[in-house]
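The structure under discussion appears below in the form of structure tokens.
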Amino acid sequence: MKALFYDGEKLKLLDIERPQIKADHALIKVTMAGICNTDLEILKGYMNFRGILGHEFVGVVEEGPEQLIGKRVVGEINIPCEKCDLCLQGLHRHCRSIKVVGIRDYDGVFAEYVLLPLKNLHAVPDEVEDERAVFIEPLAAAFRILEQVQITNSQSVAVLGDGKLGLIISKALSFSKVNHLLFGRHTEKLLRARWTATELSENFKRYDRYFDIVIDATGRKSGIEQALFLVKPEGTVVLKSTIADEMTINLSKVAVNEIKIIGSRCGPFTKAIWALKEGLEVRDLIEAIYDLSEYDKAFERAGKGSLKVIFKMD
Ligand SMILES: [Zn+2]
Ligand SMILES: [Zn+2]
């Protein structure tokens, strides 16, 4: 099978053996796969990953339990050991020896096939086309915020970042009827986002200590500093960015203003699937669709901070 392999220096399209089916797993033929910011960060050294890249996908089960053959599925990315103390306490997504599809010690989905544990799979309803299903993983991560922070109507909410992550968070919030202001750096991109946020702004300087809840989805080091500027005393900052670079920030503001900082990562697939089934539109977040052989162009385009770039396998 064709697979997009990262060797620590560059991406290569290899022709390798497809994975062998094993107990409690399914072999899935990948239909579409999305390039995420995390993939771009891995190419800069994040997680020290070597292997087949990619973790956002939709595909069709080709081998595995009979009732699953031919079914369209998506897959959760965390593969916990189920044995360590953290797993036994129910913190599976934080397992001490966790494997993460296309991110840590497990081959990803930028390939014709991927082998995944049955536990990780979710069926995709007929109403949800492949072009929307490929967004289930990042959309679930966006809905995670609403599991972690109870947002009431009287609270003011800001999302920082008009990249793919910020926009999908904005969509998830709008779908959940959470009014919010979306901050970005590019008027053109913000205008494309008109359908998602309640309000848009390029100028965050006017909003010194204004918001009860600030969600950083900038993917940049400066994001947390901007978030700490925007958040009210005793407010909450949700960190969604994962970046490869080390960073230093002055935490005195956090202590003085008694700010809560919440890290936020993977979220509920069932909620994302339900929202898409209910009609949540995300196809306007697609920037371009490429064949796997055009990976150079695809990654270049994704790196420009544009919307979602997708691989379509044949
Ligand atoms: Zn991702
Ligand atoms: Zn574990």
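The opening residue of the sequence shown carries number 2 in our numbering; numbering runs sequentially from there. Built from N, CA and C at the ideal position, the CB exists for glycine as well.
Using 6 angstroms as the cut-off, classify the Cβ of residue i as near or not near the heavy atoms of ligand 2, replying yes or no.
i	result
proline 81	yes
cysteine 267	no
Is the beta carbon of residue i less than 7 angstroms from the beta carbon of residue j?
i	j	result
glutamate 132	arginine 284	yes
alanine 159	valine 215	yes
leucine 277	valine 129	yes
valine 135	valine 74	no
serine 265	lysine 298	no
leucine 325	glutamate 57	Any answer about residue 325 is impossible in this case: the structure gives the chain only from 2 up to 315.
proline 81	cysteine 96	yes
alanine 316	valine 110	There is simply no residue 316 to check, as the chain begins at 2 and stops at 315 in what is shown.
phenylalanine 144	alanine 4	no
valine 31	methionine 314	yes
leucine 183	serine 171	yes
glycine 65	glycine 103	no
Helix, strand or coil for residue i? Go by DSSP, reduced to three states.
i	result
methionine 33	strand
lysine 278	helix
valine 255	helix
asparagine 49	helix
isoleucine 225	helix
glutamate 63	strand
aspartate 217	strand
histidine 93	helix
aspartate 186	Here the sequence assigns arginine to residue 186, which means aspartate is not the residue at that position. Reduced to three states, the DSSP call for arginine 186 is coil.
leucine 87	helix
arginine 210	coil
asparagine 121	helix
threonine 271	helix
aspartate 297	helix
glycine 55	coil
arginine 73	strand
aspartate 16	strand
threonine 153	coil
asparagine 204	coil
leucine 140	helix
glutamate 128	coil
Of the residues the options, which one's Cα is nearest the Cα of residue i?
i	options	result
leucine 161	Gly220, Val110, Thr153	Gly220
threonine 237	Gly60, Ile146, Gly91	Ile146
isoleucine 22	Glu83, Asp106, Val115, Phe212	Val115
asparagine 38	Leu281, Ala173, Pro139	Pro139
lysine 178	Phe50, Leu293, Gln156	Gln156
asparagine 49	Ile137, Lys254, Arg105	Arg105
phenylalanine 94	Asp246, Asn121, Asp16, Gly185	Here the sequence assigns arginine to residue 94, which means phenylalanine is not the residue at that position. Of the listed residues, the one whose Cα sits closest to arginine 94 is Asn121.
aspartate 16	Ser253, Gln151, Ser294	Ser294
lysine 11	Tyr296, Met314, Val239, Leu117	Tyr296
threonine 249	Val239, Gly268, Glu226, Val232	Glu226
glycine 164	Lys206, Tyr208, Ala218	Ala218
alanine 256	Arg207, Lys305, Val232, Asp86	Val232
lysine 254	Lys272, Ala228, Glu247, Phe270	Ala228
lysine 305	Phe6, Tyr7, Leu41, Met2	Leu41
glutamate 113	Asn180, Ile244, Leu14	Leu14
aspartate 292	Asp25, Ile36, His26	Ile36
asparagine 154	Glu18, Glu247, Leu252, His181	His181
arginine 19	Leu92, Gln149, Met2, Ile43	Met2
glutamate 279	Asp127, Cys267, Tyr47, Asp246	Asp127
histidine 26	Gln68, Phe300, Ile152	Gln68
glutamine 149	Trp275, Glu282, Gly167, Pro269	Pro269
glutamate 282	Ile169, Glu247, Leu252, Asp246	Ile169
Would you check whether ligand 1 has a heavy atom nearer than 6 angstroms to the C-beta of residue i?
i	result
threonine 39	yes
Quick one: what's got a C-beta closer than 7 angstroms to residue i's C-beta in the same chain, skipping five residues either side?
i	result
isoleucine 1	Given a span of 2 to 315 for the chain in the structure shown, any question on residue 1 remains unanswerable.
alanine 289	Arg302, Val310
proline 234	Arg210, Asn258, Glu259
isoleucine 262	Val238, Leu240, Val255
phenylalanine 212	Ser157, Val158, Ala159, Leu231, Val232, Lys233, Gly236
asparagine 79	His93, Arg94, Ile99, Val101, Cys267
isoleucine 152	Val158, Val179, Ile214
cysteine 88	Pro81, Cys82, Cys96
Spatial neighbours of residue i within its chain, please: C-beta separation below 6 angstroms, excluding the five flanking residues on both sides.
i	result
aspartate 108	Gly52, Ile53
serine 98	Cys82
glycine 76	Leu117, Asn121, Leu122
tyrosine 208	Leu231
Could you name the residues of the same chain whose beta carbon sits closer than 8 angstroms to that of residue i, not counting the 5 residues immediately before and after it, in chain order?
i	result
aspartate 86	Arg97
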